[in-house]
Amino acid sequence: MKKTKQQLQTKLRSKIRWGVAAIFVLFLFCVSLVQPQKVNALFTSFSQSTGITLPTFDEEGFRLGLDLQGGAHLVYRADTSGIEDHQTAASVEGVRDVIERRVNGIGVGEPNVQTNKVGKEHRIIVELPGVTDVNEAIKMIGETPILEFKEENNVPPREMTAEEQAQLDEYNAEAEQRAQEILAKAKAGEDFEALAREYSEERVTAEKGGYIGYIGKNSPYFQFYYWGASSNEGDVSEQLLDTVDAYTILKRGSEREGPVEIEARHILICYLGAQGCEDPTMTKDEALAKAQDLYNQANADNFAQLAEENSTDPGSRDGGGKLPPITQGMMVPAFEEALNAAGVGEIVGPVETEFGYHIIYKEAEAPSKEVELWAIAIAKQSEFDILGPQDPWMSTGLSGKQLEKSEVATDFQTGVIQVSLKFDSEGTQLFKEITQRNLNKPVAIFLDGEPISIPNVNQVIHNGEAVISGNFTLPEARLLSQRLNAGALPVPVELISQQTIGATLGAQSLAKSLKAGIIAIIVVMIFMMLYYRLPGLLSVIALCVYIALTLAIFKLLGVTLTLAGIAGLILSIGMAVDANVLIFERVKEELQSGKSLKTAVSEGFIRAWSSIRDGNVSTLLTCFILMGLGTSFVKGFAITLGLGVLMSMFSAITITKTFLRFVEPWIGEKGSWLFLGARKTQ
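The opening position of the sequence shown corresponds to residue 127 in this note's numbering, with each subsequent residue numbered one higher.
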C-alpha cells in the first residue's frame, strides 16, 4: 500500500512537471506570435547554419483602430424605399461589399465596412485607417453600384488619317520651337523660376517656379533623374528632353543622400487563388513544397537560372528574377520585412504574400542618390489625344437595370456551384441578341468599371435566364451574387456623418496609454511580490503568461485595438490579479485553521472558485450586452475585456494552481513565512 501511494505521488509530480513545461512552451509560442521578428531572425539563422528549415511566424502587426492609427469615419444612410422587404438585407449587404471593394481600390489597409440599422434606417459605417485624402474616398464611395454586360470590341483600332497626322506634327513642331526659344533664354542666364512661372504648361510645378524637388531613380520623374545624376549643380540642360508628353528644360540643384536602395532578385511561385496568378496549376500546399525545394537548391550562382525556369512572375522572370532598385514602401509588407531582415548575399524564403511564395536573394544594399531639379514643360500631343482610348470591351446595352435577381444555384447532375441570372422582358430580348452574336465567345460582367466575371457563351439564351459557371466555392458564389444584386438593385447612399482623426493624436494616445498600462502592471507586480512573497512571485509569472496569451489571442482573432480596447485589456489584467488575491487569501485562511499546506492549497482553490466564477460571469454578461448594443468603440472595449476575462480565469485556475502545486513539496506541510505564513498549531 505504501509503495502504491508513493507511485501515485510520483506520477502526480510527473504530471505537474509536464504541466509547468507545457505552460513554458505556451508562453514562448505566444511571445513568438506577439513579437515574431526576432524569433524569425533566429529561426532563419539556424536554418542557414544547419540546413534544417524551421517554420516562421507571420510578422504582420496588430490591427489598430482609427483612434490610434488616424483616418476617417464615415456614416452613410441607404435609401431602401424602392426595394421589397425580403430583398432589403441582401441589397444593403451587396452595397456594403461594393463599398468595401472601392475602399480597397483606394489602397486603405485594414478598412472596416459594416452595416447597422437605426430604427427603420439602414446605415453603412466605413472606417478608413490611415486615409489622407478623405474627399477622394467620399467621391469613390458615394456612387450607386453600376453593373454592365460587355462584349469583345471587334472593331480594330483606328489609325490616324493623313490630315490628323499632319495636325499632330504641326502642333508638336510649334511646341518644340517654343521650347527651344525658352531654352535659349534659360541658357542666356534669365531667371529660371520666372521663366517657369510664365511659360511652363505643367500647372503644379509652374506655380512653384518649376520646382520639382529632390528625386531618385524610382521617382515618376526618373528620366529627369538620369540627366541630373550626370550634371553639376547650377547646370541647365543643353538640349530639350523629349518625353512622351512634353519637351522639357531642366535645371540642376544640389545633391543629397536618399533612402537605402536594395538590389534583389526573387522567384515567385503562385497558386490557385493567389492575387494576379495567371493560369494557376498548383494548390497552395503544392506551391509551398515547390518553393521550399527551390530555396534548398538556390545559391548565388544558380539563382538567376532557377528564376528563369520556375518563377511565375512575368515581370522579372526573363531577367533572372531581377527586380528594379527597391526603396522603402515599394513592396508589399511581408516581402519588404523579409528583405530588410536579410543580410547582403543572403537568400531567404519561402516568404508568403498575397501573390504567392517568394524566394528572395538580396544582392546589394546602399544609400541612393537624390538630385534637386527645376523643370519647364511645353506640352506635346500624341495619338491618344486625337484617337482617344481603344477599349477591348464595348457596351451591349444590358446592365443592372434589366437584371431582376441573381442567386446561388447548384448543377443537379454535377453538383457544381453556379450563379444564376434572371432578366426582365427588356433584358431577356437583349440577352438573347447578345448570346446569338457571341456564341462560343466571352461576355464580360463589369461592376463599377471592373470585370468580376468573364463567362463564355455556350448556347443562345431565349428565356432570359442564365448561369455563370466556374470553379466557385460557396462563399465565392455568394459574394458574386451579392455583387450582381448590388448592381441589379441599386441602393442610393447618402453621407450623413464624417469625422477625421489625426494620426499624430492617435500615436500620442497610444504611447500614453501603453505607458500608463506598463506602470500599472509593474506596480501591481511589486505589490504582489512584497505582500504575498513566493506565491506573489508565482502570480507575477502567471500574469506574464496571461498577458502574452491574451495578446496572442487578439492577434490570431484579428481584434482591432482601440484606446477603449486597450483600457479593456488593462482592466482584465486587474481582474486576473484579483483572482489570485482571492485564491491566496483563501489558502492563508485554510493554513491558519490548522490544515496542511497541500490541503490548504486544494481547499483554497475550491473555495475561491465560486467568487471568481460569479464575478467573471457577471462581467462577461455585461460584455455581451455591450457587444450587442454598443457602438464600435464600446464594442472594442467589450471584446478585449471579455477575451481578457476568459483568459484570466484560465490563468488563475490553471497556471497559478500548477505553479503552487509545483513548489508545494519544497515548502513542507507546515508552510513558512515565505508561503502565506505557517500552519496554525493546535
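Glycine included, C-beta positions come from ideal geometry on N, C-alpha and C.
The model shown is predicted, which means the values in this text are computed figures rather than measured ones.
Applying the 10 Å Cβ sphere with the 16-neighbour rule, what's the burial state of residue i?
i: P162; result: buried
i: Y397; result: buried
i: K567; result: exposed
i: L682; result: exposed
i: S207; result: exposed
i: G754; result: exposed
i: T409; result: exposed
i: S607; result: buried
i: E716; result: buried
i: P255; result: buried
i: S774; result: buried
i: E790; result: buried
i: A288; result: exposed
i: T686; result: buried
i: G553; result: buried
i: L159; result: buried
i: Q808; result: Confidence in Q808 is poor, its pLDDT being 46 and thus under 50, which makes the residue's placement unreliable; the coordinate value appears in the next sentence. By the 10 Å Cβ count, Q808 comes out exposed.
i: Y352; result: exposed
i: I178; result: exposed
i: D439; result: buried
Compute the distance between the beta-carbons of residue i and residue j, then report whether it is under 8 Å.
i: N166; j: F188; result: no
i: V497; j: I486; result: no
i: L786; j: P601; result: no
i: I504; j: S437; result: no
i: A764; j: L747; result: no
i: V586; j: K558; result: yes
i: I388; j: L309; result: no
i: I250; j: I225; result: yes
i: V146; j: T784; result: yes
i: L556; j: G526; result: no
i: Y373; j: A430; result: no
i: T561; j: V583; result: yes
i: L689; j: S639; result: yes
i: I699; j: I673; result: yes
i: L767; j: G684; result: no
i: E359; j: S345; result: no
i: G336; j: F348; result: no
i: A702; j: S777; result: yes
i: A424; j: G471; result: no
Starting from the C-beta of residue i, find all residues in its chain whose C-beta is less than 7 Å away, skip the five residues before and the five after it, and write them out in chain order.
i: S737; result: L708
i: K141; result: none
i: F549; result: Q528, L529, E530, F557, G590
i: G245; result: none
i: G448; result: A small correction: the amino acid at residue 448 is Lys; Gly does not occupy that position in the sequence shown. Answer for K448: R391, S442, listed in chain order.
For my contact list, residue i and residue j are in at a C-beta cut-off of 8 Å; report their separation, rounded to the angstrom.
i: L499; j: F350; result: 6 Å
i: R203; j: V619; result: 7 Å
i: N279; j: P518; result: 6 Å
i: I502; j: A322; result: 5 Å
i: A390; j: K488; result: 5 Å
i: V671; j: I571; result: Wrong, their Cβ atoms sit about 52 Å apart, outside the cutoff.
i: Y340; j: R284; result: Their Cβ separation, rounded to whole angstroms, is 43 Å, which puts Y340 and R284 out of contact at 8 Å.
i: N611; j: A216; result: 6 Å
i: D444; j: E434; result: 7 Å
i: M286; j: L513; result: 6 Å
i: G378; j: G354; result: According to the sequence shown, residue 378 is Arg rather than Gly. So it is a contact: roughly 5 Å between Cβ atoms.
Tell me which residues share the same chain as residue i and place their Cβ nearer than 6 Å to its Cβ, disregarding the 5 neighbours each side in the sequence.
i: N238; result: E253
i: E277; result: T522, N564, V569
i: G342; result: G384, S494, E496
i: T676; result: G770, M773
i: F598; result: I543
i: L367; result: T374
i: R222; result: V239, T241, I250
i: V157; result: A674
i: G446; result: A430, A433, E434
Excluding the 5 residues flanking residue i on each side, which residues of the same chain have their C-beta closer than 8 Å to its C-beta?
i: I386; result: Looking at the sequence itself, residue 386 is Val, so the reference to Ile does not match. Cβ within range, chain order: T453, Q454, E491, A492, P493, S494.
i: A467; result: Q163, N166, A167, T170, V474
i: T479; result: V458, A460, F461
i: R712; result: E729, G730, F731, R733, A734
i: S551; result: G590
i: V534; result: I543, Q544, V545, S546, L600, A603, R604, S607
Just checking residue i against the ligand PLP - is the residue's beta carbon closer than 7 Å to any of the ligand's heavy atoms?
i: P406; result: With respect to small molecules bound, the structure shown includes none, and the ligand PLP cannot be examined in it.
Report task. Write down every uninterrupted run of the beta strand (DSSP E) in the stretch 305 to 389 whose length is 3 residues or greater and which is fully enclosed by it, in chain order. Result -> 337 to 341
Report task. Can you check the stretch 426 to 482 for any beta strand (DSSP E) of at least 3 residues that lies completely inside it and give the ranges in chain order? Result -> 473 to 479
Requested in this report: Return the chain-ordered ranges of every beta strand (DSSP E) run that is complete within the stretch 473 to 547 and spans a minimum of 3 residues.
Outcome: DSSP runs (the beta strand (DSSP E)) wholly in the stretch 473 to 547: 473 to 479, 482 to 505, 519 to 525, 529 to 536.
Query raised in the report: At which residue ranges does the stretch 660 to 719 contain complete alpha helix (DSSP H) runs of 4 or more residues, listed in the order of the chain?
Result: 660 to 683, 689 to 718
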